Structure formats: C-alpha cells, structure tokens
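Asks: Note that the UniProt record's numbering gives residue 57 to position 57 of the sequence shown, counting from 1, and the numbers run on in steps of one.
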Amino acid sequence: MDYSFGTLIKYKAIGNFKLGDVFFTDDEPSSAYKIIYDSTETKYPYILLCLDNAISIQSFDELPTLEDIEENIGKVKFTVPSENLLLVVR
Numbered sequence: 001m002d003y004s005f006g007t008l009i010k011y012k013a014i015g016n017f018k019l020g021d022v023f024f025t026d027d028e029p030s031s032a033y034k035i036i037y038d039s040t041e042t043k044y045p046y047i048l049l050c051l052d053n054a055i056s057i058q059s060f061d062e063l064p065t066l067e068d069i070e071e072n073i074g075k076v077k078f079t080v081p082s083e084n085l086l087l088v089v090r
C-alpha cells in the first residue's frame with residue numbers, strides 16, 4: 001500500500017489521537033492502522049484495523065489507549081488525521 005499525505009499535513013503528537021486517526025508503526029516499511037467504531041457491535045465496538053490488508057487486529061469495549069494499541073501492533077511512530085491521508089491501492 002502506498003501512502004500520500006496532503007500538503008498541509010500536521011503530524012500529531014504521539015499519545016493524543018482521536019477516533020479515525022491513522023497510526024503508522026516504527027517498522028520498515030511502516031504499516032498503517034486505524035481505530036474504527038462499529039455501531040452495530042454492543043460488547044466490543046472499537047476495532048483496530050490494519051489498513052495494509054484490511055484485517056481486524058483487536059476489538060475493544062472502549063476507546064483504547066496508545067499503550068493498548070502498541071501492545072497489539074508495536075511502536076507507533078506518528079499519527080495522521082484521516083482527512084489528510086490519501087490511500088492508493090495497487
């Protein structure tokens with residue numbers, strides 16, 4: 001998956017994020033993940049989704065902390081607001 005960022009992108013400080021932000025790992029090549037909310041799910045509506053392969057990594061009963069996310073995917077390098085990210089599938 002290729003990632004392209006808008007020209008006015010502002011990377012967010014690690015630790016502060018909102019639902020919908022995209023997380024990039026410290027790996028090489030970096031992988032992208034996103035927390036989504038499934039309103040049809042009553043027990044575990046927050047889902048950590050890998051955008052590289054569209055696989056659900058983990059479900060949570062409440063919005064996870066950065067520590068919860070890193071426990072599942074490894075070190076997060078930075079986050080990007082989803083409105084500033086263009087995903088290109090090849």
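Just so it is clear, CB atoms sit at the ideal spot from N, CA and C, and this is done for glycine as well. Owing to the predicted nature of the structure, the values given are computational and were not obtained by experimental measurement.
Can the beta-carbon of L44 be found less than 8 Å from the beta-carbon of F60?
Replies: The sequence shown places Tyr at residue 44, not Leu. Yes, the Cβ-Cβ distance between Y44 and F60 is below 8 Å.
Asks: Could you work out which residue in L51, P29, T40 and I55 is closest to D21 when comparing CA atoms only?
Replies: L51
Asks: For T79, I'd like the list of residues in its chain whose CB is within less than 6 Å of its CB, leaving aside the five on either flank, ordered along the chain.
Replies: Its chain contains K12, F17, D21 and F23 as the residues whose beta carbon lies nearer than 6 Å to that of T79, once the 5 sequence neighbours on both sides are disregarded; these appear in chain order.
Asks: Please state the DSSP three-state secondary structure of S59.
Replies: strand
Asks: Going by Cα to Cα distance, which pick from E28, A32 and D26 is closest to L86?
Replies: A32
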